[in-house]
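Right, one structure below, let's go through it.
Number of protein chains: 4
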Amino acid sequence: MPRAVRERQMLDAAVEVFARRGYSAASMDEIAELAGASKPLVYLYLNSKEELYGACIRRESRALLDAVQSAADPEDSADRRLWCGLRAFFAHTAAHPSAWAMLSCQARIHGEPFAQALAELRQEIVDFVAQLIAAAGRDQERAGAALDAEEVSGLAHALVGAAESLAGWANTRADAAPPAKETAATLMNVTWAGLENLLNGQRWAPVRP
Amino acid sequence: MPRAVRERQMLDAAVEVFARRGYSAASMDEIAELAGASKPLVYLYLNSKEELYGACIRRESRALLDAVQSAADPEDSADRRLWCGLRAFFAHTAAHPSAWAMLSCQARIHGEPFAQALAELRQEIVDFVAQLIAAAGRDQERAGAALDAEEVSGLAHALVGAAESLAGWANTRADAAPPAKETAATLMNVTWAGLENLLNGQRWAPVRP
Amino acid sequence: MPRAVRERQMLDAAVEVFARRGYSAASMDEIAELAGASKPLVYLYLNSKEELYGACIRRESRALLDAVQSAADPEDSADRRLWCGLRAFFAHTAAHPSAWAMLSCQARIHGEPFAQALAELRQEIVDFVAQLIAAAGRDQERAGAALDAEEVSGLAHALVGAAESLAGWANTRADAAPPAKETAATLMNVTWAGLENLLNGQRWAPVRP
Amino acid sequence: MPRAVRERQMLDAAVEVFARRGYSAASMDEIAELAGASKPLVYLYLNSKEELYGACIRRESRALLDAVQSAADPEDSADRRLWCGLRAFFAHTAAHPSAWAMLSCQARIHGEPFAQALAELRQEIVDFVAQLIAAAGRDQERAGAALDAEEVSGLAHALVGAAESLAGWANTRADAAPPAKETAATLMNVTWAGLENLLNGQRWAPVRP
DNA sequence: AATGAATGAGGATTCATTCAT
DNA sequence: TATGAATGAATCCTCATTCAT
Numbered sequence: 001m002p003r004a005v006r007e008r009q010m011l012d013a014a015v016e017v018f019a020r021r022g023y024s025a026a027s028m029d030e031i032a033e034l035a036g037a038s039k040p041l042v043y044l045y046l047n048s049k050e051e052l053y054g055a056c057i058r059r060e061s062r063a064l065l066d067a068v069q070s071a072a073d074p075e076d077s078a079d080r081r082l083w084c085g086l087r088a089f090f091a092h093t094a095a096h097p098s099a100w101a102m103l104s105c106q107a108r109i110h111g112e113p114f115a116q117a118l119a120e121l122r123q124e125i126v127d128f129v130a131q132l133i134a135a136a137g138r139d140q141e142r143a144g145a146a147l148d149a150e151e152v153s154g155l156a157h158a159l160v161g162a163a164e165s166l167a168g169w170a171n172t173r174a175d176a177a178p179p180a181k182e183t184a185a186t187l188m189n190v191t192w193a194g195l196e197n198l199l200n201g202q203r204w205a206p207v208r209p
Numbered sequence: 001m002p003r004a005v006r007e008r009q010m011l012d013a014a015v016e017v018f019a020r021r022g023y024s025a026a027s028m029d030e031i032a033e034l035a036g037a038s039k040p041l042v043y044l045y046l047n048s049k050e051e052l053y054g055a056c057i058r059r060e061s062r063a064l065l066d067a068v069q070s071a072a073d074p075e076d077s078a079d080r081r082l083w084c085g086l087r088a089f090f091a092h093t094a095a096h097p098s099a100w101a102m103l104s105c106q107a108r109i110h111g112e113p114f115a116q117a118l119a120e121l122r123q124e125i126v127d128f129v130a131q132l133i134a135a136a137g138r139d140q141e142r143a144g145a146a147l148d149a150e151e152v153s154g155l156a157h158a159l160v161g162a163a164e165s166l167a168g169w170a171n172t173r174a175d176a177a178p179p180a181k182e183t184a185a186t187l188m189n190v191t192w193a194g195l196e197n198l199l200n201g202q203r204w205a206p207v208r209p
Numbered sequence: 001m002p003r004a005v006r007e008r009q010m011l012d013a014a015v016e017v018f019a020r021r022g023y024s025a026a027s028m029d030e031i032a033e034l035a036g037a038s039k040p041l042v043y044l045y046l047n048s049k050e051e052l053y054g055a056c057i058r059r060e061s062r063a064l065l066d067a068v069q070s071a072a073d074p075e076d077s078a079d080r081r082l083w084c085g086l087r088a089f090f091a092h093t094a095a096h097p098s099a100w101a102m103l104s105c106q107a108r109i110h111g112e113p114f115a116q117a118l119a120e121l122r123q124e125i126v127d128f129v130a131q132l133i134a135a136a137g138r139d140q141e142r143a144g145a146a147l148d149a150e151e152v153s154g155l156a157h158a159l160v161g162a163a164e165s166l167a168g169w170a171n172t173r174a175d176a177a178p179p180a181k182e183t184a185a186t187l188m189n190v191t192w193a194g195l196e197n198l199l200n201g202q203r204w205a206p207v208r209p
Numbered sequence: 001m002p003r004a005v006r007e008r009q010m011l012d013a014a015v016e017v018f019a020r021r022g023y024s025a026a027s028m029d030e031i032a033e034l035a036g037a038s039k040p041l042v043y044l045y046l047n048s049k050e051e052l053y054g055a056c057i058r059r060e061s062r063a064l065l066d067a068v069q070s071a072a073d074p075e076d077s078a079d080r081r082l083w084c085g086l087r088a089f090f091a092h093t094a095a096h097p098s099a100w101a102m103l104s105c106q107a108r109i110h111g112e113p114f115a116q117a118l119a120e121l122r123q124e125i126v127d128f129v130a131q132l133i134a135a136a137g138r139d140q141e142r143a144g145a146a147l148d149a150e151e152v153s154g155l156a157h158a159l160v161g162a163a164e165s166l167a168g169w170a171n172t173r174a175d176a177a178p179p180a181k182e183t184a185a186t187l188m189n190v191t192w193a194g195l196e197n198l199l200n201g202q203r204w205a206p207v208r209p
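Chains as they are written, first to last, in UniProt numbering: chain A, 1 to 209; chain B, 1 to 209; chain C, 1 to 209; chain D, 1 to 209.
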């Protein structure tokens with residue numbers, strides 16, 4: 001069996017196992033067995049548990065980022081771009097549940113190796129969303145209402161967190177998961193109006209009872 | 001040193017270490033050392049790694065839930081209740097970063113023991129938010145616009161995910177973390193307008209370009 | 001509670017636990033708990049696991065030896081003395097099953113401490129039986145047929161082994177254990193005729209087919 | 001070194017150590033060292049202390065049973081069969097003293113794992129002997145004197161116990177152990193006459209002085 | 001391209017034992 | 001007389017990793 005094929009099988013198996021168990025509880029034995037190869041071969045191709053994990057993360061984050069970024073047509077309006085990106089995001093996470101479980105489950109553990117790689121992926125997504133929000137602000141053509149970078153970043157984090165949460169929620173109901181389109185709509189429903197208001201300078205404020 | 005005190009020290013240390021490393025990578029040695037006690041004593045009081053983890057999770061989820069639930073005055077309007085709950089949530093997670101790291105980091109790993117307990121905590125929070133949303137719908141007094149349970153659940157998940165993400169984001173900037181009030185405001189800004197629209201029967205829809 | 005009483009409770013508990021688990025698998029915790037005392041007290045009175053075990057063995061072997069030896073009236077004929085000794089043996093082992101389990105189960109493990117003490121007890125019993133056999137030989141008043149010491153020792157070992165085995169067998173059928181008298185009769189039935197024959201110079205010999 | 005060979009070395013070492021120390025006091029470290037292998041290898045091949053013990057017991061009981069059962073020619077008379085079986089038994093236990101020590105030492109400890117397996121081995125031997133006794137009864141062709149099953153079982157237990165005891169006795173005098181043939185003769189001497197008497201309906205009875 | 005054989009290092013857990021009171 | 005608090009030392013077991021073939 002040619003090396004490239006074997007290597008892909010190994011990564012597939014590793015993603016599966018890392019998703020199921022987490023990094024430290026995953027065992028190279030289980031991975032090798034699931035990959036249908038002997039452990040020395042796994043080591044020959046991928047060197048160590050840490051590198052294997054790194055390779056999994058790189059492969060899966062690239063795939064997810066590609067899916068999201070290529071879904072947003074730069075010609076479109078900001079809300080359409082966001083909407084398309086979200087649809088692509090939910091479609092991808094639903095199509096690759098193990099990959100998403102691996103990426104999302106340990107995104108914030110600091111001790112594990114490659115926590116940084118995971119954090120970077122997350123940052124890239126957040127940045128992408130932040131750009132969309134900023135672009136929407138420019139579409140609005142109201143320089144006065146411009147949000148500061150800090151605030152945009154916060155909004156992007158909120159949006160991404162909501163998306164992650166919805167992706168996980170959708171994946172748990174394996175039987176009757178709502179289609180990506182619907183999940184994306186839910187999220188647009190909750191957030192877009194608020195974003196528009198913000199960009200128009202309207203803020204929610206607590207009403208003294 | 002009396003047992004109760006020691007036990008609390010141990011739980012504190014364990015929360016710290018579980019947060020730093022995750023369940024499986026955490027070692028009882030490290031926990032015992034951080035607690036300033038010997039390993040056998042940890043076992044004497046808390047029986048096993050699994051039970052220790054369980055005790056940590058129970059203690060910290062209860063504390064977080066209490067903080068959030070007791071912050072919302074049932075006499076208030078729905079948006080005020082949500083606002084107060086969020087403020088309490090962000091204040092608590094900021095005050096107990098390790099606890100929040102422990103609770104949030106592994107919320108979705110399935111293999112670990114107590115994944116279920118974690119999932120239940122999350123569900124309780126989601127339910128709490130879902131109630132608030134439903135209550136807001138009733139405040140609106142428009143029976144016709146009532147959202148179905150499924151949709152409310154989705155919205156709640158989105159909101160909770162956004163909150164979790166913001167809490168993590170706030171905690172990473174230890175130096176200049178925004179105050180809970182501000183973070184809560186950000187989240188209300190993004191979501192409340194959308195929720196109100198929904199409750200009024202207005203939905204966001206993609207505009208064909 | 002006076003020391004003597006407590007000490008007896010401890011020995012009782014220890015015999016029970018040593019019988020159930022064997023020396024090394026028995027834990028001082030279990031013994032202390034069963035004795036209804038704290039571990040430090042056990043150590044105060046009995047010093048160490050090894051000494052505790054020694055005390056148990058001494059107490060129980062002395063009791064068993066006393067029972068057997070005091071049952072045989074030196075005025076009686078050899079077979080009566082043997083018969084009475086066996087009855088006493090089976091009665092005692094049936095009345096103190098834990099003690100017998102403790103004494104018999106590990107009689108031959110060499111590594112354990114006090115294996116020697118156990119071996120000595122066994123030797124004392126064997127010697128007692130050997131004396132009876134030798135006495136029976138003298139009763140027979142046939143100097144010519146005298147068995148050599150070696151052979152007598154072998155016979156005694158056989159008899160004692162048979163008795164031990166029967167005692168264990170009787171103890172396993174807790175519900176319907178045969179009375180000591182019957183067990184003793186079984187053993188006399190199998191062995192006495194053979195012994196008499198031997199003392200008369202008749203030996204069993206394989207018959208070429 | 002091929003796996004089969006290594007595995008045998010491990011079993012040999014384990015039998016040795018279990019015999020010396022008993023199950024719970026035996027340490028996997030000592031076994032591995034005696035086997036000339038590392039501990040992980042022992043675990044790789046034999047899974048756990050418990051399974052290793054089980055494997056030892058199975059191997060050694062099978063060997064002993066085979067030796068005894070194949071020694072008795074079914075064409076022979078009952079006493080010859082018994083005699084041959086005993087000779088084989090004593091020869092085997094003398095040739096494999098560790099195995100016999102392991103099998104006999106803990107035959108009656110209840111808590112240990114595999115106590116049942118040991119008990120079953122013993123029962124198989126007892127049953128084998130019981131069959132011989134019953135067969136001897138049939139040879140006698142005196143239906144009237146037939147012993148009931150219960151009594152036969154008791155006799156078999158006595159005989160087996162005597163044999164075990166003699167085997168242990170023979171093994172302790174490593175220097176000048178009597179040959180198996182002699183030990184077997186001793187046992188036949190003590191027991192066969194009694195058995196024959198019983199089968200002829202004659203019982204020993206205490207004589208009132 | 002592929003693997004059976006092998007291990008050093010480390011982790012969870014238990015236990016006999018002691019001290020301060 | 002009696003004990004709550006505490007631990008050093010072992011023990012079972014697992015895992016990432018390598019070598020010889």
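For every residue, glycine included, the Cβ atom is placed at its ideal position computed from N, Cα and C.
For clarity, every value in this text was computed on a predicted model and none was experimentally measured.
Any beta-carbon of chain D closer than 7 Å to the one on residue i?
i, result
"residue 203 of chain C", "yes"
"residue 68 of chain C", "no"
"residue 144 of chain C", "With a pLDDT of only 49 at residue 144 of chain C, under the threshold of 50, the placement of this residue in the model should not be trusted; the figure read from the coordinates follows. Output row for residue 144 of chain C: interface = no."
"residue 40 of chain C", "no"
"residue 161 of chain C", "yes"
Just how far apart, CA to CA, sit residue i and residue j?
i, j, result
"residue 64 of chain B", "residue 138 of chain B", "27 Å"
"residue 143 of chain D", "residue 41 of chain D", "Since pLDDT at residue 143 of chain D reaches only 49, below the 50 mark, its modelled position is unreliable, and the value read off the structure follows with that caveat. C-alpha separation (whole angstroms): 59 Å."
"residue 193 of chain C", "residue 157 of chain C", "17 Å"
"residue 93 of chain A", "residue 161 of chain B", "16 Å"
"residue 99 of chain C", "residue 115 of chain D", "19 Å"
"residue 170 of chain C", "residue 126 of chain C", "21 Å"
"residue 15 of chain A", "residue 21 of chain A", "10 Å"
"residue 55 of chain A", "residue 60 of chain D", "51 Å"
"residue 83 of chain C", "residue 163 of chain D", "21 Å"
So that I know if they touch, is there some Cβ in chain B lying closer than 7 Å to that of residue i?
i, result
"residue 171 of chain A", "no"
Within 7 Å of any Cβ in chain A, is that where the Cβ of residue i sits?
i, result
"residue 198 of chain B", "yes"
Show which residues of chain B have a CB atom less than 7 Å away from the CB atom of residue i.
i, result
"residue 138 of chain A", "Within chain B, no residue comes near residue 138 of chain A; the closest Cβ sits about 17 Å away, beyond 7 Å."
"residue 157 of chain A", "165, 166, 169"
Going along chain C, which residues have a C-beta under 7 Å from residue i?
i, result
"residue 81 of chain D", "Result: empty, since nearest Cβ-Cβ is about 11 Å, beyond 7 Å."
Starting from residue i, trace the alpha helix (DSSP H) both ways and give me its first and last residue.
i, result
"residue 200 of chain C", "Segment: none, residue 200 of chain C is in no alpha helix (DSSP H) and carries neither H nor E."
"residue 92 of chain B", "78–95"
"residue 152 of chain B", "149–172"
"residue 53 of chain C", "49–71"
"residue 137 of chain D", "115–139"
Note down, in chain order, every chain B residue with its Cβ under 8 Å from the Cβ of residue i.
i, result
"residue 179 of chain A", "Those within 8 Å of residue 179 of chain A in chain B number zero; the least Cβ separation is about 13 Å."
"residue 154 of chain A", "166, 169, 178, 183, 186"
Quick one: which chain D residues come within Cβ less than 7 Å of residue i?
i, result
"residue 194 of chain C", "189, 190, 191, 192, 193, 194"
Interface residues of chain A around residue i at Cβ under 7 Å?
i, result
"residue 206 of chain B", "80, 83"
task: Can you give me, in chain order, the residues of the segment 1–23 of chain B that have a beta carbon less than 7 Å from any beta carbon in chain A?
output: 20, 21, 22
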